[in-house]
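First the structure, in the form of structure tokens, and then the observations on it.
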RNA sequence: GCCCGGGUGGUGUAGACCGGACUAUCAUACGGGACUGUCACUCCCGUGACUCGGGUUCAAAUCCCGGCCCGGGCGCCA
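Residue numbers (our numbering): -10 to 418.
This is the structure in structure tokens:
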């Protein structure tokens, strides 16, 4: 692009100037001798006003040939307008069509007629042209950026661990098997083992932003089979309270960033984001079960909602930590505390967004717990090695990026917070 | 894995319970026409659909069975 392109949100400083803007044709209103066109770029919309008497007939005809979602570049004069809704319009002097768009469109990005979610996902690239749908991901990017920024300042190293693994981590959840040359392998359900190994390898503090895979045949608004896990693990902790305290500060940073940097997007979504208290309250699972009026070893989805209602009303927090889960509900590496463990979940607005805890760092104890589960320690040798040769007390947690985005924005389906979701039946796009 | 619900033009819907004038509603989109201040522009004309297969019936978009596809709940999890 030889001409300097201006984004729509910068036009208010260019009144009276000649500028070039580029983007997609969002809407066209043709009144005969005057045409109005809404041009959309990544920052917003601007009206282009084409007056038959004031433009070159050739340019006027060019505008007549446009269709919705054509990609165009318009050069013209920016003018303040008390008629145009945004207060700004451009009177064009040149138009270049950069790409045509076929019609009819498979869905309407201007959302005059709202498409079914399934239709939207089938045509996700067009769906994401709607700024409200896009805004979710702008905010998600801000959250993840805030995650990285905070952890970098805290001395964490970003790491990348294998997603093709020889064995499952936690048991419990189902793994996707894959053929790895002559061997059977799996898609990683979690970076758990590897992040611990790197803590013990001497990095002490690590984090990873990466995909994890769960082969569960769940079919709900809060589950997908591939999601992005915001994982951290760090050493030299006293116990799980250190971990919760870190997560508390981390979330505070992430949410504050969204609040200050994503005002336009939040407005677009009409979202009210939750305040992160300076101390997120914590209650034990036993207490939570009592509040929910439930029995057993974990809360049901309805129970999680009840506990969150309680937290909001009585503890003035939309976030709440649930602590002291029993060993039988937790993976073998969870640090025991009697029959319980030094582990926790974090609920936000009725949904679990984090699981974390202190891990076992003693080799002997870990082997014992593996055996207790009927597993063979030999199968975990690659993992156990670091525990043999000096593993500091440590722990960490994982935040589901899509779930966090969903809950912060009050979205009804996790797929809204996933560009191209993979669920029980969807593999494309 | 178990349990509910649903599939009508490109998109979104009405009709279905109680089968019959459904030659299938409306909006939007699309094609054509009129229009110089629209902002869901307006107005006129036009194109365009009953998920598939079987059954019941004089008659099926409508009732029944099966397939396919989709949505949702539970379990499990982030």
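Idealized CB from N, CA, C, for every residue including glycine.
It should be emphasised that the depicted structure is a prediction, and the values quoted were computed from it without experimental measurement.
- Taking a 10 Å sphere around the C-beta of residue 293, we find 16 or more other C-beta atoms and assign the residue as buried.
- Between residue 76 and residue 130, the alpha-carbon positions lie close to 30 angstroms from each other.
- Boundaries of the beta strand (DSSP E) around residue 36: 33 to 40.
- Less than 9 angstroms divides the Cβ of residue 288 from the Cβ of residue 277.
- Cβ-Cβ distances below 6 angstroms link residue 263 to 307 in the same chain, with the five nearest sequence neighbours on each side left out; the list follows chain order.
- Judged by their CB atoms, residue 385 and residue 348 are nearer to each other than the 9 angstroms cut-off.
- The C-alpha of residue 173 is placed about 6 angstroms away from the C-alpha of residue 167.
- DSSP, read as helix, strand or coil, puts residue 250 in helix.
- For residue 39 and residue 195, the gap between their C-alpha atoms comes out near 56 angstroms.
- Residue state for residue 343 is assigned as strand, using DSSP reduced to three classes.
- Cβ neighbours of residue 126 within its own chain (closer than 7 angstroms, five residues either side excluded): 408.
- Counting only residues of its own chain and dropping the five nearest sequence neighbours on each side, residue 332 has a CB closer than 6 angstroms to the CB of 314, 319, 323 and 346.
- About 4 angstroms separates the beta carbon of residue 358 from that of residue 321, a gap short enough to meet the 8 angstroms contact definition.
- If you check the CB distance, residue 135 and residue 89 do not come in under 9 angstroms.
- Boundaries around residue 355 are those of the alpha helix (DSSP H), 352 to 361, since no beta strand (DSSP E) includes it.
- If one requires a minimum length of 3 residues, the beta strand (DSSP E) runs lying completely within the region 49 to 120 are 60 to 69 and 77 to 88, in chain order.
- Straight-line spacing of the CA atoms in residue 328 and residue 363 works out to 18 angstroms.
- Annotation: the continuous alpha helix (DSSP H) that includes residue 375 extends over 370 to 377.
- Residue pairing by DSSP places residue 286 in no beta bridge whatsoever.
- Residue nearest to residue 372 within the set 213, 183, 49 and 219 is 183 (criterion: CA-CA distance).
- Distances from the alpha-carbon of residue 201 to those of 280, 165, 222 and 235 put 165 closest.
- Taking all protein chains in view, the Cβ of residue 418 is surrounded by fewer than 16 other Cβ atoms within 10 Å, so the residue is classified as exposed.
- Here the alpha carbons of residue 270 and residue 334 stand approximately 12 angstroms from one another.
- Around the beta carbon of residue 59, a 10 Å sphere encloses 16 or more other beta carbons of the protein chains shown; the residue is thus reported as buried.
- Taking the Cβ atoms as the reference, residue 85 lies roughly 10 angstroms from residue 48, outside the contact range of under 8 angstroms.
- Check the Cα spacing between residue 153 and each of 179, 81 and 297: the tightest is with 179.
- Excluding its 5 nearest sequence neighbours in each direction, residue 241 has C-beta neighbours in its own chain below 6 angstroms: 265, listed in chain order.
- A residue is called buried when at least 16 other Cβ atoms come within 10 angstroms of its Cβ; residue 81 meets this threshold and is buried.
- A Cβ-Cβ separation of about 7 angstroms places residue 197 in contact with residue 149 under the 8 angstroms criterion.
- In the DSSP assignment, residue 9 falls within the unbroken beta strand (DSSP E) covering 7 to 19.
- DSSP assignment within the region 136 to 201 yields the following whole beta strand (DSSP E) runs of 3 residues or more, N-terminal first: 166 to 169 and 172 to 176.
- Distance from the CA atom of residue 356 to the CA atom of residue 374, rounded to whole angstroms, is 11 angstroms.
- Taking the C-beta atoms as reference points, residue 20 is found no nearer than 9 angstroms to residue 28.
- Looking at the backbone, the Cα of residue 65 and that of residue 83 are separated by about 7 angstroms.
- Counting along the chain, residue 29 sits inside the beta strand (DSSP E) bounded by residues 23 to 30.
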